[in-house]
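Data first, discussion second: the structure below is written as structure tokens.
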Amino acid sequence: MPAEARLTRDGPAPAPGIVHLGPGAFFRAFNAVYTDEAMAAEGGAWGIRAISLRSPDARDQLMPQGGVFSSVTLAPEGPQVRVIGSVVDVLVAPEDPEAVVEAMSDPAIRIVSLTITEKGYCHEPATGTLRADHPDILHDLEGGAPRSAPGFIVEALARRRAAGTAPFTVLSCDNLPSNGRLARGVILDFARRRDAALADWIEAEVRFPGTMVDRITPATTEADVDRLAELKGWHDPACVQHEPFRQWVIEDEFPAGRPAWEVGGAQFVTSVDAHETMKLRCLNGTHSSLAYLGYLAGYETIAETVGDADFAGLCERLWGREILPTVPQPEGEDLPAYCAALLERYRNPAIRHRTWQIAMDGSQKLPQRLLGTVRDNLAEGREVPGLALAVAAWMRYVGGTDESGAPIDVRDPLADRLKALCDAKETPEGRVAALLGVRDVFDAELADNEAFATAVTAAYRGLEDFGARAMVQAYARG
Ligand code: CS2
1 MPAEARLTRD GPAPAPGIVH LGPGAFFRAF NAVYTDEAMA AEGGAWGIRA
51 ISLRSPDARD QLMPQGGVFS SVTLAPEGPQ VRVIGSVVDV LVAPEDPEAV
101 VEAMSDPAIR IVSLTITEKG YCHEPATGTL RADHPDILHD LEGGAPRSAP
151 GFIVEALARR RAAGTAPFTV LSCDNLPSNG RLARGVILDF ARRRDAALAD
201 WIEAEVRFPG TMVDRITPAT TEADVDRLAE LKGWHDPACV QHEPFRQWVI
251 EDEFPAGRPA WEVGGAQFVT SVDAHETMKL RCLNGTHSSL AYLGYLAGYE
301 TIAETVGDAD FAGLCERLWG REILPTVPQP EGEDLPAYCA ALLERYRNPA
351 IRHRTWQIAM DGSQKLPQRL LGTVRDNLAE GREVPGLALA VAAWMRYVGG
401 TDESGAPIDV RDPLADRLKA LCDAKETPEG RVAALLGVRD VFDAELADNE
451 AFATAVTAAY RGLEDFGARA MVQAYARG
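Under the UniProt record's numbering, the letters of the sequence shown match residues 1 to 478, in that order.
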């Protein structure tokens with residue numbers, strides 16, 4: 001097949017049963033794959049109608065090929081390609097919000113799942129509660145066509161309630177602590193500001209199971225698309241590249257049913273909390289630590305960063321001394337073995353996961369990845385030099401200048417505010433105090449903890465005076 005041939009769908013698309021908000025790379029590597037396997041094994045009308053809340057890119061990539069795309073597993077023995085057919089269509093919310101609400105109001109839709117990233121919940125990262133002053137929330141409460149995920153979900157539930165249609169199950173698949181409860185909280189808060197009776201109905205009738213999701217999936221590049229065309233002879237701009245590993249732990253609360261995700265190995269539990277804490281702190285906590293310290297040290301990818309023995313040592317010492325002591329034992333998991341496997345996953349040379357990509361949206365990520373761990377250690381009287389170094393590296397990063405004096409392209413909802421706070425101060429003490437004052441990220445109790453502020457300030461000064469490599473080496477070998 002000539003390389004310019006477009007990937008196309010063979011046969012009919014599955015009947016829809018799921019609406020998914022956020023059709024990005026992770027969704028395609030994860031939810032869409034599990035659902036495709038479930039339908040292949042056990043059938044069921046679980047086709048996915050994907051909704052993009054912002055960009056037309058996913059629609060423009062997927063719809064010319066009927067919603068199908070290539071899932072490329074980057075295994076040590078070489079890439080393995082599967083064509084995934086679970087996505088039925090893609091709607092772009094800003095182009096036609098009414099079509100989105102109608103799709104979500106369709107009785108055939110029994111699950112609305114989310115991979116909208118942390119910032120998509122319009123919440124305060126430090127507390128997990130709805131940001132009532134969020135521009136999209138203010139807009140949606142005025143009653144116009146929705147813009148935000150809470151706005152779309154509540155409008156669709158309102159229409160289902162008015163029509164006597166049973167509600168869908170809301171399934172958060174984002175890296176947030178107690179993601180099901182967090183989603184429930186922001187949606188109920190939004191509903192209550194709109195219609196108390198509707199909020200009462202949602203509270204009584206709608207289920208928000210929690211999940212832990214895990215598969216390392218870098219953003220797709222043009223080089224990935226070209227490599228796939230060389231390998232398979234088809235052009236697929238919607239392809240995703242990911243590691244072989246995947247883990248999905250789900251609270252089994254689906255009153256309207258669900259696909260047979262266990263076919264792909266999904267684990268169903270009564271409470272996901274322990275698995276969530278394990279993953280958010282052991283994986284995402286070291287991921288963010290490597291992202292900021294690795295970027296400042298001049299490393300482009302996670303694999304390059306942990307190729308430096310001191311950065312691998314940073315992870316091992318963080319896990320051993322500051323993270324695992326705060327992680328409850330999840331059923332069926334061997335925590336030291338889990339962390340050792342993480343380091344091997346990070347080392348996968350086929351996965352070009354950029355430190356810059358993981359560094360995005362740190363203001364929305366730090367609370368659940370690093371600061372909860374800090375808080376639990378401080379409460380037990382343990383020092384946190386490694387976590388303080390990671391937080392200080394984030395502070396250096398959002399200052400917008402790297403160690404060579406070059407500008408950093410900081411992507412974060414609070415980027416301008418954080419940079420202005422840094423620019424207004426000249427000393428490590430001044431900058432750390434200013435950033436600790438950002439209540440969206442640091443709650444007052446943590447910000448006022450003298451031991452923590454002192455440790456972060458010392459680490460910040462060390463990064464300024466000696467650089468990230470030296471500071472990581474001192475921590476890893478200390
Ligand atoms: C990463 C996550 O980009 C990031 O913030 O830490 O996307 C990470 O790759 C996934 O959570 C792994 O399951």
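For every residue, glycine included, the Cβ atom is placed at its ideal position computed from N, Cα and C.
Note that this is a predicted model, so its numbers are computed, not measured.
Exercise. Taking 7 Å as the cut-off, is the CB of K365 close to at least one heavy atom of the ligand CS2?
Worked result: Numbered from 1 along the sequence shown, position 365 holds the residue referred to as residue 365. At least one heavy atom of the ligand CS2 is nearer than 7 Å to the Cβ of K365, so yes.
For this session: Identify which residue in G313, E300, S288 and A350 has its Cα closest to the Cα of A360.
Result: Taking the first residue of the sequence shown as 1, we reach residue 360 at position 360. According to the sequence displayed, residue 360 carries Met and not Ala. Nearest of G313, E300, S288 and A350 to M360, Cα basis: S288.
Problem set entry | Delimiting residues of the alpha helix (DSSP H) encompassing V200 | The residue labelled residue 200 in the question sits at position 200 within the sequence shown. Here residue 200 turns out to be Asp, not Val, going by the sequence shown. From DSSP, the alpha helix (DSSP H) with D200 extends over A196 to E205.
Exercise. Near M1, what residues of its chain come up, given a Cβ to Cβ distance below 7 Å and the 5 sequence neighbours on each side ignored?
Worked result: The residue given as residue 1 occupies position 1 in the sequence shown. Because the pLDDT of M1 is 45, which lies under 50, any placement of that residue in the model is unreliable, and the question is left without a value.
Problem set entry | Nearest residue (CA-CA) to L378, options A312, V438, A451 and L296 | Taking the sequence shown and counting its residues from 1, one reaches residue 378 at position 378. Looking from the CA of L378, the closest CA among A312, V438, A451 and L296 belongs to A451.
For this session: Answer yes if the region 80-100 comes into contact with the region 52-66, meaning at least three C-beta pairs across the two stretches below 8 Å, and no otherwise.
Result: yes
For this session: Go ahead and pull the three-state DSSP assignment for W261.
Result: Along the sequence shown, one-based indexing puts residue 261 at 261. In the structure shown, W261 sits in a helix (DSSP, three-state: H, G or I).
Exercise. Would D409 be called buried (16 or more neighbouring beta carbons within 10 Å of its own) or exposed?
Worked result: Locating residue 409 in the sequence shown gives position 409, where the first residue counts as 1. With fewer than 16 other Cβ atoms within 10 Å, it is exposed.
Exercise. Between W261 and A38, which are expected to be in contact by the criterion C-beta below 8 Å, what is the C-beta distance as a whole number of angstroms?
Worked result: Mapped onto the sequence shown, residue 261 falls at position 261. Mapped onto the sequence shown, residue 38 falls at position 38. Going by Cβ atoms, the distance from W261 to A38 rounds to 5 Å, so yes, they are a contact pair.
Exercise. Taking 7 Å as the line, does the beta carbon of Q80 fall inside it for any heavy atom of the ligand CS2?
Worked result: Here residue 80 is taken as the residue at index 80 of the sequence shown, counted from 1. Because no heavy atom of the ligand CS2 lies under 7 Å away, the Cβ of Q80 does not count as near it: no.
Exercise. Can you name, in chain order, every residue of its own chain whose Cβ lies under 6 Å from the Cβ of Y338, other than the five neighbours on each side?
Worked result: As a working mapping, residue 338 is identified with position 338 in the sequence shown. Taken in chain order, the list of residues that qualify is empty.
Exercise. Relative to the ligand CS2, is the shortest distance from any of its heavy atoms to the C-beta of R215 smaller than 7 Å?
Worked result: Position 215 of the sequence shown, counting from 1, holds the residue named residue 215. It does: the Cβ of R215 is within 7 Å (strictly closer) of some heavy atom of the ligand CS2.
For this session: Decide if G11 is buried, meaning its Cβ has at least 16 other Cβ atoms within 10 Å, or exposed.
Result: On the sequence shown, residue 11 is found 11 positions in, with the first residue counted as 1. By the 10 Å Cβ count, G11 comes out exposed.
For this session: In the DSSP assignment, find the beta strand (DSSP E) that holds P79 and state where it starts and stops.
Result: On the sequence shown, position 79 is the one that residue 79 refers to. First-last of the beta strand (DSSP E) with P79: G78 to I84.
For this session: Note the first and the last residue of the continuous beta strand (DSSP E) segment covering P16.
Result: The count along the sequence shown starts at 1 and reaches residue 16 at position 16. Run containing P16: P16 to L21, per the beta strand (DSSP E) assignment.
Exercise. Does the ligand CS2 have even one heavy atom less than 7 Å from the beta-carbon of H123?
Worked result: To locate residue 123, count along the sequence shown from 1; it is residue 123. Checking every heavy atom of the ligand CS2 against the Cβ of H123, none is found closer than 7 Å.
Problem set entry | Backbone CA spacing between E203 and I111 [nearest angstrom] | Along the sequence shown, read from residue 1 onward, the residue named residue 203 stands at position 203. Along the sequence shown, read from residue 1 onward, the residue named residue 111 stands at position 111. If I take the Cα positions, the gap works out to 16 Å.
For this session: Under 7 Å Cβ to Cβ from D376, same chain only, skipping five residues before and after it: list those, please.
Result: In the sequence shown, counting from the first residue as 1, residue 376 sits at position 376. Around D376: T326.
Exercise. Is it true that the region 424-442 meets the region 348-356, where meeting means three or more beta-carbon pairs spaced less than 8 Å apart?
Worked result: no
For this session: Can you check DSSP and say which residues form a bridge with residue 503?
Result: Outside the displayed span of the chain (1 to 478) sits residue 503, for which this structure offers no information.
Problem set entry | Proximity of L418 and V398 at Cβ, strictly below 8 Å | Position 418 of the sequence shown, counted from the first residue, corresponds to residue 418. Position 398 of the sequence shown, counted from the first residue, corresponds to residue 398. Their beta carbons are under 8 Å apart, which means L418 touches V398 by this criterion.
Exercise. In this structure, does DSSP put H242 in helix, strand or coil?
Worked result: The residue you call residue 242 lines up with position 242 of the sequence shown. H242: strand per DSSP, three-state reduction.
Exercise. Would L176 count as contacting chain B if we go by Cβ distances under 8 Å?
Worked result: Judged by its chain identifiers, the structure shown contains no chain B, having just a single protein chain.
Problem set entry | DSSP state of P177 mapped onto helix, strand, coil | Against the sequence shown, residue 177 aligns to sequence position 177. Judged by DSSP in its simplified three-state form, P177 adopts coil rather than helix or strand.
Exercise. The alpha helix (DSSP H) spanning residue 500 covers which residue range?
Worked result: This structure gives no information on residue 500, because the portion of the chain shown stretches from 1 to 478.
Problem set entry | Local conformation of M1 per DSSP, three classes | On the sequence shown, position 1 is the one that residue 1 refers to. Only weak support exists for where M1 lies, its pLDDT of 45 falling under 50; the coordinates are left without a value.
Exercise. Cα-Cα, which of A340, G400, G257 and D448 is closest to R411?
Worked result: The residue labelled residue 411 in the question sits at position 411 within the sequence shown. Nearest of A340, G400, G257 and D448 to R411, Cα basis: G400.
Problem set entry | Expected contact under 8 Å - CB spacing of A350 and L138 to nearest Å | For the purposes of this step, residue 350 is identified with residue 350 of the sequence shown, where counting begins at 1. For the purposes of this step, residue 138 is identified with residue 138 of the sequence shown, where counting begins at 1. A350 to L138, Cβ: 44 Å. No contact.
Problem set entry | Own chain residues within Cβ distance below 7 Å of E464, not counting five before or after | The residue you call residue 464 lines up with position 464 of the sequence shown. Result list for E464: P428, in chain order.
For this session: Kindly indicate which three-state DSSP category R6 falls into: helix, strand or coil?
Result: Along the sequence shown, read from residue 1 onward, the residue named residue 6 stands at position 6. R6: strand per DSSP, three-state reduction.
Exercise. Given Y121, which residues of its chain have a CB within under 6 Å of its CB, disregarding the five upstream and five downstream residues?
Worked result: Taking the sequence shown and counting its residues from 1, the one referred to as residue 121 is at position 121. Cβ neighbours of Y121 beyond the five flanking positions: V186.
For this session: Select from T305, R317, P330 and T270 the residue whose C-alpha is nearest the C-alpha of T277.
Result: To locate residue 277, count along the sequence shown from 1; it is residue 277. Taking only the C-alpha atoms, the option nearest T277 is P330.
For this session: Determine, using beta carbons only, whether R281 and T373 come nearer to each other than 8 Å.
Result: Against the sequence shown, residue 281 aligns to sequence position 281. Against the sequence shown, residue 373 aligns to sequence position 373. Yes. Within cutoff.
For this session: Assuming V272 contacts V240 (C-beta within less than 8 Å), just tell me the rounded distance between them.
Result: The residue you call residue 272 lines up with position 272 of the sequence shown. The residue you call residue 240 lines up with position 240 of the sequence shown. Going by Cβ atoms, the distance from V272 to V240 rounds to 24 Å, so no, they are not a contact pair.
For this session: Measuring alpha carbon to alpha carbon, tell me which of L228, A415, H275 and A126 ends up nearest E445.
Result: Counted from its first residue, the sequence shown places residue 445 at position 445. Selected option, being the one with the closest Cα: A126.
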